[in-house]
Each structure stands twice: as structure tokens, then as C-alpha cells.
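The structure appears below as C-alpha cells.
2 protein chains.
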Amino acid sequence: MISDKTVARLSVYRRVLLDMQDAGQAHVFSHELAARSGCTAAQVRRDVMATGYTGSPVRGYDVTALAGSISEFLFHSEAQKVALVGIGNLGRALMAFSPRRNPRIPLVAAFDNDPAKVNRVIHGCRCYPVQQLEEVVESEGIRVGILAVPSAAAQDTARRLCRAGVVGLLNFAPTHVWVPPHVYIENLDLSMALEKVAFFAGLRAPQKEISL
Amino acid sequence: MISDKTVARLSVYRRVLLDMQDAGQAHVFSHELAARSGCTAAQVRRDVMATGYTGSPVRGYDVTALAGSISEFLFHSEAQKVALVGIGNLGRALMAFSPRRNPRIPLVAAFDNDPAKVNRVIHGCRCYPVQQLEEVVESEGIRVGILAVPSAAAQDTARRLCRAGVVGLLNFAPTHVWVPPHVYIENLDLSMALEKVAFFAGLRAPQKEISL
DNA sequence: TTCACGCTGTGATTCGTTTCACAAAGACTA
DNA sequence: TAGTCTTTGTGAAACGAATCACAGCGTGAA
Ligand SMILES: NC(=O)c1ccc[n+]([C@@H]2O[C@H](COP(=O)([O-])OP(=O)(O)OC[C@H]3O[C@@H](n4cnc5c(N)ncnc54)[C@H](O)[C@@H]3O)[C@@H](O)[C@H]2O)c1
Ligand SMILES: NC(=O)c1ccc[n+]([C@@H]2O[C@H](COP(=O)([O-])OP(=O)(O)OC[C@H]3O[C@@H](n4cnc5c(N)ncnc54)[C@H](O)[C@@H]3O)[C@@H](O)[C@H]2O)c1
Numbered sequence: 030m031i032s033d034k035t036v037a038r039l040s041v042y043r044r045v046l047l048d049m050q051d052a053g054q055a056h057v058f059s060h061e062l063a064a065r066s067g068c069t070a071a072q073v074r075r076d077v078m079a080t081g082y083t084g085s086p087v088r089g090y091d092v093t094a095l096a097g098s099i100s101e102f103l104f105h106s107e108a109q110k111v112a113l114v115g116i117g118n119l120g121r122a123l124m125a126f127s128p129r130r131n132p133r134i135p136l137v138a139a140f141d142n143d144p145a146k147v148n149r150v151i152h153g154c155r156c157y158p159v160q161q162l163e164e165v166v167e168s169e170g171i172r173v174g175i176l177a178v179p180s181a182a183a184q185d186t187a188r189r190l191c192r193a194g195v196v197g198l199l200n201f202a203p204t205h206v207w208v209p210p211h212v213y214i215e216n217l218d219l220s221m222a223l224e225k226v227a228f229f230a231g232l233r234a235p236q237k238e239i240s241l
Numbered sequence: 030m031i032s033d034k035t036v037a038r039l040s041v042y043r044r045v046l047l048d049m050q051d052a053g054q055a056h057v058f059s060h061e062l063a064a065r066s067g068c069t070a071a072q073v074r075r076d077v078m079a080t081g082y083t084g085s086p087v088r089g090y091d092v093t094a095l096a097g098s099i100s101e102f103l104f105h106s107e108a109q110k111v112a113l114v115g116i117g118n119l120g121r122a123l124m125a126f127s128p129r130r131n132p133r134i135p136l137v138a139a140f141d142n143d144p145a146k147v148n149r150v151i152h153g154c155r156c157y158p159v160q161q162l163e164e165v166v167e168s169e170g171i172r173v174g175i176l177a178v179p180s181a182a183a184q185d186t187a188r189r190l191c192r193a194g195v196v197g198l199l200n201f202a203p204t205h206v207w208v209p210p211h212v213y214i215e216n217l218d219l220s221m222a223l224e225k226v227a228f229f230a231g232l233r234a235p236q237k238e239i240s241l
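Sequence lines, in order, name chains R and A.
Everything in the first sequence is counted per our numbering, starting at 30 for the first residue and increasing by one.
Everything in the second sequence is counted per our numbering, starting at 30 for the first residue and increasing by one.
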């Protein structure tokens with residue numbers, strides 16, 4: 030019913046609105062929010078419709094009220110606890126970033142199969158041996174998982190997470206991961222994204238410089 | 030003419046095909062490639078059309094030949110050199126990953142405004158003070174940039190990169206960045222992706238466990 | 001009080017992508 | 001040789017999302 034892409038844009042609008050709130054701005058028009066979010070005014074209005082909030086044709090949207098409405102829409106349920114699997118280069122960067130993130134989506138546990146990396150606390154997040162995955166996910170009621178393990182381990186890790194009750198996955202491994210139909214999975218394939226950028230960069234500057 | 034999404038999927042097919050090649054598989058059918066790539070057989074056939082390669086109705090596609098055709102299609106131009114700006118947590122993870130990546134898209138320079146992080150070589154990549162950005166990008170002929178700086182610095186960094194000749198950008202900062210129309214930009218907003226996953230996870234398991 | 005203005009909310013439309021469905025073709029069988 | 005089987009390549013149809021376009025409305029000006 031509600032589209033993937035609308036949810037993504039609402040998340041962007043929310044961040045922009047919070048920035049505006051910090052800057053003391055009280056009202057905003059759809060075209061202004063659109064410009065700051067990289068989309069069109071019509072799209073903003075359509076997306077805002079989904080949250081049920083209604084603006085005023087004269088003042089536009091109330092910044093605080095709209096931010097609140099989007100927050101309520103996006104984070105309606107109780108806080109969604111997150112588990113990270115794979116405390117490697119990428120996993121550690123994600124952990125370092127997590128305190129700056131949305132407190133409604135807290136990172137509460139991390140797992141690794143390397144004994145040297147576990148049984149400590151990094152940026153407020155407990156690190157466990159991967160053997161305890163099911164136990165911790167179940168006891169903490171974790172519903173969201175982040176896969177930052179090598180490709181070869183991704184499918185099996187996903188299977189374990191889903192069995193333990195995870196229903197949303199963010200996958201950084203550059204491989205397709207099968208999950209049960211009730212689980213939502215989002216793939217963030219950085220290599221693929223870079224290849225895409227390189228491809229279009231090649232199209233846009235195809236001729237060598239006249240370099241003589 | 031060629032769609033964004035087709036390029037993305039071709040990149041995935043290519044990786045799957047290289048894995049098959051390593052495993053000694055000589056031929057593959059569209060439905061098989063589709064299953065391993067997370068899409069449909071019809072989509073595979075459509076996408077393959079774009080590269081100009083033609084399979085056999087009996088044997089399917091020749092793994093090596095198709096991988097080659099996709100590679101040629103995606104990486105037709107000379108190697109696309111890449112510059113990274115922002116040697117923080119995320120930047121360092123990307124540098125650590127780069128040797129494992131496509132050699133047609135080499136990471137050749139990194140920049141930071143923190144003097145403590147520059148004037149050394151990390152994973153084979155030279156780190157420069159950000160003041161030398163224009164000079165290095167121009168002299169090396171770099172056409173692709175990765176933004177791993179804080180949001181506040183993203184727009185200005187993008188502007189400098191584009192002025193220096195970059196025509197493709199990969200942006201990790203959670204902010205909208207304006208670029209000239211001839212520049213291709215791809216945003217990888219990890220926070221947004223996680224909020225999306227959390228949202229759909231909340232929808233799929235909305236009720237608290239009957240936990241008594 | 002009337003009018004003009006600019007913006008929101010939304011039905012209708014357009015656009016791009018995915019999926020369907022089938023003709024064409026090689027290989028194997030008898 | 002004729003027939004069957006499986007898969008490709010691709011027009012055509014279906015689908016979903018973005019965009020258009022405008023009615024409706026509150027405001028401020030005259
Ligand atoms: N680092 C990057 O910038 C980057 C970029 C693109 C994609 N990726 C992908 O992200 C994933 C992680 O990348 P990375 O650079 O952090 O790799 P890494 O090798 O630094 O870290 C992987 C971690 O996973 C752990 N691990 C391995 N098998 C495991 C298992 N079965 N269970 C639990 N933990 C296990 C390892 O001990 C290690 O700590 C990889 O799939 C990689 O392809 C990373
Ligand atoms: N770390 C993550 O997992 C993560 C996740 C999501 C998004 N991001 C985004 O990626 C970006 C980088 O994240 P990070 O965790 O690496 O942050 P970080 O603070 O660890 O690193 C930022 C780096 O950029 C450098 N820098 C700051 N201003 C600069 C400038 N004007 N020119 C050049 N260099 C400059 C800093 O010296 C620092 O080394 C941020 O925008 C962040 O929001 C990071």
C-alpha cells in the first residue's frame with residue numbers, strides 16, 4: 030500500500046525538517062522542502078499525503094508539526110532494536126556512526142566469529158561471539174539485522190537472524206540473499222553503486238582530453 | 030537511453046558470472062542467472078539485450094563470453110580513476126576494501142582536511158591534504174569522486190571536485206548535493222536505508238509478542 | 001465586500017520499467 | 001524426415017510511479 034520510495038523520501042524530508050527546526054524556521058512550502066531534498070514539489074505533496082498531515086495553502090507546512098507527523102508515521106511501533114553481524118572495517122564504521130543516528134533504531138548488539146573482536150563494548154554496543162546470536166536476538170527482541178560479513182557468510186547469517194525473529198535486514202555483502210517472504214531486505218551494494226557511477230562518468234566524458 | 034537500473038543489474042550479473050567462471054561452469058540459462066541475482070528471467074534477457082550479446086536457445090549463455098560482453102559494455106572507456114574525500118571511519122573502510130574491487134575503477138587518491146590523516150599511503154592509496162584536491166584531480170585525470178565527509182562539507186567538496194573535472198560522484202553524506210547537469214551523482218544514504226528497513230520491519234511484526 | 005494571489009490536495013495523465021507471451025531455432029529422438 | 005522439447009529475443013500489454021493541472025481556499029489589498 031505504501032511505497033518503498035515514499036518511505037525513503039519521507040525519511041529525507043524528516044531530516045531536512047529537523048535541520049530547519051534547529052535553524053528556527055517555522056513554516057515551509059512544498060517547493061522549498063523539495064529543493065532541499067532533491068525532488069519535486071508535487072512529489073513532496075503526494076508523500077506528505079501518506080502521513081495524513083495537511084498543510085495550509087497560505088503558510089505551507091508547519092515545520093515542527095510535519096516533522097512530528099512523519100516521525101509518527103515512520104516510527105509508529107516501539108523502538109526497533111538492531112543487531113550488527115560482522116565487526117570488520119565496515120561494521121566498525123557503522124558502530125562509530127550509530128550514536129549519531131536515530132535513537133528509535135538503536136544498535137544494541139554486534140556479533141563476530143573472530144574471538145579477538147568480541148566480549149567488549151564498542152561505542153556503547155555489546156559485542157558477542159556469533160554463537161550467541163540466536164540467544165541474544167531472542168532475549169533482546171531484536172527485529173532488524175545488518176549484514177556486514179563476507180559474501181560467503183551472508184546467506185547463512187541471514188537465515189540464522191530470520192529464524193531468531195528478525196524481520197528486516199540491511200545487507201552490505203555484494204551477494205543476493207534469500208529470505209522468507211515476510212522478511213524485508215534492503216541491499217546496499219557499494220561496489221555496484223561505484224560501478225554505476227563509473228559507467229555514467231565514462232559516458233559523460235567519453236573522449237580523452239585533447240592532451241597534447 | 031540505457032537505464033540506470035539495467036546498469037545496476039548488469040553489474041550484479043557480471044559478478045555472478047565471474048563466480049560461475051571460477052566454479053568452472055561453462056553455460057548458464059537466464060532463469061539460473063536470475064535466481065542467483067535476485068531478479069526474473071525476463072529481466073535478465075532484456076538486460077543482456079542491451080549489451081548486444083546473444084545466447085543460444087539450446088545452451089543458454091556462454092558464461093565467459095557474456096561476462097566479457099558485460100565488462101566491455103560497462104567498462105568501455107579507459108579505466109576510471111577514483112578520488113575519495115574524507116578519511117574518517119567510513120573512508121578508511123572503503124580504502125581497506127578497494128584492493129578487492131574492480132581494477133578498472135582504481136582508487137588513486139584520498140583527501141582530508143585533518144593534517145594528521147594525510148601525507149601517507151593507506152592500502153596503496155596516497156593521502157593528500159584537501160588543499161591539493163584540484164591539483165591532484167586534474168593532473169591524475171580523475172573523473173569519479175567519493176564523498177565521505179560530514180554533511181556540512183559535502184556540497185562544497187562536490188563543487189570543488191566537479192570544477193576539477195569529476196563527472197561522477199558517489200555521496201555517502203546524508204544530505205542532498207547539487208551538481209551541474211552533466212555530472213552523475215548517486216546517493217548512498219545508509220541512515221535512510223536503515224530507517225526504511227526499520228519501518229517495514231515494524232509493519233511486518235507490529236504486534237508485541239504475546240509475551241506472558 | 002470583492003478581487004487577485006499563491007499554495008495545497010488530488011484526479012487524471014504521462015512516462016518508464018517490468019512482465020507476459022509467443023515466434024524462431026537448435027538439438028535430440030525415433 | 002518429422003516431431004517434440006527447451007530456451008532465446010522481443011513486440012505488446014500491464015503496472016507503478018512521477019508529473020501535470022486545476023479546483024478550492026485563506027489571506028491581504030483596495
Ligand atoms: N569495507 C567496505 O568499505 C565495504 C565496501 C563494500 C562492501 N563491503 C562488504 O561488507 C562486508 C564486510 O566488509 P568489511 O570490509 O567489513 O570486511 P572485513 O573482512 O573487514 O570484516 C568482516 C568481518 O566479518 C567477520 N566474519 C566472517 N565470517 C563471519 C561469520 N560467519 N559470522 C560472523 N562474523 C563473521 C570477520 O571476523 C570480520 O570481522 C563484506 O561483504 C564486504 O564485501 C565492504
Ligand atoms: N561511518 C558510517 O558508518 C556512516 C554511516 C552513514 C553515513 N555516514 C556518512 O559518511 C560521512 C563520513 O562518515 P564518517 O563516519 O567517516 O565520519 P568521520 O567523522 O569519521 O570522518 C569524516 C572525515 O572527513 C574529514 N573532513 C571533514 N571536513 C572535511 C573537508 N571539508 N574536507 C576534507 N575532509 C574533511 C574529517 O577530517 C574526517 O576525517 C558522513 O557524512 C556520515 O554522515 C557514515
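Virtual Cβ for every residue (Gly too), placed ideally from N, Cα, C.
The model shown is predicted, which means the values in this text are computed figures rather than measured ones.
- For residue 141 (chain A), the distance from the CB to the nearest heavy atom of ligand 2 is below 7 Å.
- Under the Cβ criterion of 8 Å, residue 134 (chain A) is counted among the residues facing chain R.
- By the CB criterion at 8 Å, residue 175 (chain A) and residue 141 (chain A) fall outside the cutoff.
- Residue 85 (chain A) carries a strand assignment under DSSP once its states are collapsed to helix, strand and coil.
- Those residues of the segment 122-133 of chain A placed with their C-beta closer than 8 Å to a C-beta in chain R are 122, 123, 125, 126, 130, 131, 133, ordered along the chain.
- The CB of residue 118 (chain R) comes closer than 8 Å to the CB of 121, 122, 125, 126 in chain A, given here in chain order.
- The shortest CA-to-CA distance from residue 95 (chain R) to any of R:197, R:172, R:230, R:74 is the one to R:74.
- When the five nearest sequence neighbours on each side are left out, the beta carbons in the same chain lying within less than 8 Å of the beta carbon of residue 161 (chain A) are those of 140, in order along the chain.
- Taking a C-beta cut-off of 7 Å against chain A, the contacting residues of the segment 220-236 of chain R are 220, 221, 222, 223, 224, 225, 226, 227, 228, 229, 230, 231, 233, 234, 235, listed in chain order.
- Identification of chain R residues near residue 66 (chain A) by a Cβ-Cβ cut-off of 7 Å yields 205, ordered along the chain.
- Taking C-alpha positions only, residue 123 (chain R) is separated from residue 88 (chain A) by approximately 44 Å.
- With contacts defined by Cβ atoms closer than 8 Å, residue 134 (chain A) and residue 224 (chain R) form a contacting pair.
- The residue from A:171, A:152, A:138 with its alpha-carbon nearest to that of residue 158 (chain A) is A:138.
- If the five residues before and after residue 155 (chain R) are omitted, its C-beta is found closer than 6 Å to the C-beta atoms of 138, all from its own chain and listed in chain order.
- By the Cβ test, the segment 218-233 of chain R is in contact with the segment 126-133 of chain A, since at least three Cβ pairs between them sit closer than 8 Å.
- Contact annotation: the segment 166-184 of chain R touches the segment 196-216 of chain R, with at least three C-beta pairs closer than 8 Å.
- In the DSSP assignment, residue 68 (chain A) falls outside any beta strand (DSSP E), carrying neither H nor E.
- At a cut-off of 7 Å, the beta-carbon of residue 114 (chain R) counts as near ligand 1: some heavy atom of the ligand is closer than that.
- Set against 7 Å, the gap from the CB of residue 122 (chain R) to the closest heavy atom of ligand 2 is smaller.
- The beta carbons of residue 108 (chain A) and residue 171 (chain A) sit no closer together than 8 Å.
- Per DSSP, residue 99 (chain R) is not a residue of any beta strand (DSSP E); the alpha helix (DSSP H) it occupies stretches across 92-103.
- When secondary structure is reduced to three states using DSSP, residue 158 (chain A) falls in the strand class.
- Per the DSSP secondary-structure output, residue 117 (chain R) pairs with nothing in a beta bridge.
- Apart from sequence neighbours up to five positions away, the residues of its chain that approach residue 41 (chain R) with a beta-carbon distance below 6 Å are 66, ordered along the chain.
- The three-state reading of DSSP puts residue 231 (chain R) in helix, counting H, G and I together.
- Put simply, the CB of residue 40 (chain A) is near chain R, with a gap under 8 Å to one of its CB atoms.
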